[in-house]
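Single-structure report; data block below.
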Amino acid sequence: MIRVLDQKKILLGVSGSIAAYKAADLASKLTQAGAIVKVVLSPAAKKFITPLTFQSVTGQKTYTDEDLWSGEGHVLHIGLGMETDLMVVAPASADTIARLAHGLADNFLCLAALTVHCPIIVAPAMDSGMYTHPATQANLTILRERGMIFVGPAEGRMASGLVGLGRMVEPTELFGMIRYVLGREGDLKGKHIIVTAGGTAEPIDAVRAITNRSSGKQGFAIAQAAIDHGADVTLIAANTSLTTPVGLKRINVITAREMQGQIMNAIQNADALIMAAAVADFQPEKSEIQKIKKEEGIPEIRLTYTPDILGEVSQYREKTGFPKIVVGFAAESQNLIRNASQKLESKNLDLIVANDISASDAGFAVDTNRVTLIHKNGKVEPYPLMHKEDVAELIIDRLVQLFQE
């Protein structure tokens, strides 16, 4: 279950396109995440996919034009529109986009779009020439001016065999936008949150570096949770190829010094910094421009400290008051509580997330974590093994409490 989607009522309108199979995948993903998904098929959509497909993955009735005249419910489309938290039209054919733009109400899908009082997300899907046609572009402009949110289309191979702009985006991208839109009114609305993730790499030569095993999964999960709660998020990511959550600004860095520069620039108007990245403590005094050859013998590598980022943040915070809240992480292999508490105090943190990296099922390069939250007032909260997404929700919940205090 994903909290921002739990029990949310989503109306999925499916129009006539071969991409209708992606809509079934999206409906399944949303249902598994806890949403209540009801589907409306246009007459053309039924030529590509059956109502039974959607009923099977959502557990809800799928509506077609026949239901308008069945007498099942009084003014059925009005009732659906009144109870919907979000409408998604995916795939949206050129024909359906034209009908929406001009307010036509000759099928159930278009009727529903006229009755909802919620955001509408549209995922276009059509051949490239149809998408770029002036008529379609004019219709898109009309709908954008009315506030409809467009996702895609993407470039790729069409059903016609041509390659161009017009493919419906993948369900995962659309899923991310749905989370983003539903979270905009969350309890962190208007807050600017900086999240760091991944592990820095300090170069030895052109190909080698001092780094760590951080995957960035925990930091990315925290960034997503912050988005789900309505925050404006800047994610500073070090050496990870994880997919960027929809709706945030991502800045990629490699070294601790690069991360330092980006953090100090970003926190000037930030409400909170969550320092989830594993920043290297040491770096070579000298980095060779060329690769060190084995034939030259074993090199002597002298180390020096990397920048003390949290120390600098603490000094900046004392002068300016920004960021208002700082959350740190302590990845320890021994004396977990003592070492984390010392870091909390020395770096002037409001909260520190301590995790024992010696455990094989928690910490680096896995999907689970076992954390202890230590507060500035001395309160210690130990937690059992949890999925990193659940840990992220826990941390963001504590962040919300800190803002309230």
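Residue numbers for the sequence shown follow my numbering, so the first one is 280 and each next one is one higher.
For glycine and all other residues, C-beta sits at the position ideal for the given N, C-alpha and C.
C-alpha distance - residue i paired with residue j, whole-angstrom precision
i: residue 443; j: residue 408; result: 8 Å
i: residue 361; j: residue 383; result: 19 Å
i: residue 411; j: residue 323; result: 22 Å
i: residue 628; j: residue 298; result: 49 Å
i: residue 479; j: residue 606; result: 18 Å
i: residue 311; j: residue 509; result: 22 Å
i: residue 634; j: residue 366; result: 41 Å
i: residue 547; j: residue 464; result: 24 Å
i: residue 636; j: residue 477; result: 15 Å
i: residue 565; j: residue 483; result: 7 Å
i: residue 557; j: residue 423; result: 41 Å
i: residue 339; j: residue 683; result: 39 Å
i: residue 647; j: residue 659; result: 20 Å
i: residue 294; j: residue 394; result: 18 Å
Residue burial classification, residue i (beta-carbon count within 10 angstroms, cutoff 16)
i: residue 381; result: exposed
i: residue 385; result: exposed
i: residue 672; result: buried
i: residue 319; result: buried
i: residue 668; result: buried
Three-state class that DSSP yields for residue i in the structure shown
i: residue 405; result: coil
i: residue 553; result: strand
i: residue 519; result: coil
i: residue 341; result: strand
i: residue 478; result: strand
i: residue 499; result: helix
i: residue 430; result: coil
i: residue 584; result: strand
i: residue 578; result: coil
i: residue 661; result: strand
i: residue 567; result: coil
i: residue 292; result: strand
i: residue 303; result: helix
i: residue 281; result: coil
Enclosing alpha helix (DSSP H) for residue i [first to last residue]
i: residue 367; result: Segment 365-371 is the beta strand (DSSP E) holding residue 367; no alpha helix (DSSP H) there.
i: residue 358; result: 355-362
i: residue 455; result: 450-461
i: residue 544; result: 535-545
i: residue 617; result: 615-625
N-terminal and C-terminal residue of the beta strand (DSSP E) that residue i is part of
i: residue 563; result: 561-563
i: residue 635; result: 630-635
i: residue 604; result: 604-611
Residue i CB to nearest heavy atom of the ligand SAM below 8 Å
i: residue 544; result: Looking for the ligand SAM in the displayed structure turns up nothing, as the structure carries no ligands at all.
Between the stretch 490-505 and the stretch 513-530, can you find at least three pairs of beta-carbon atoms closer than 8 Å? yes
Say whether the stretch 637-647 touches the stretch 584-594, bearing in mind that this needs 3 or more beta-carbon pairs closer than 8 Å, one atom from each stretch. no
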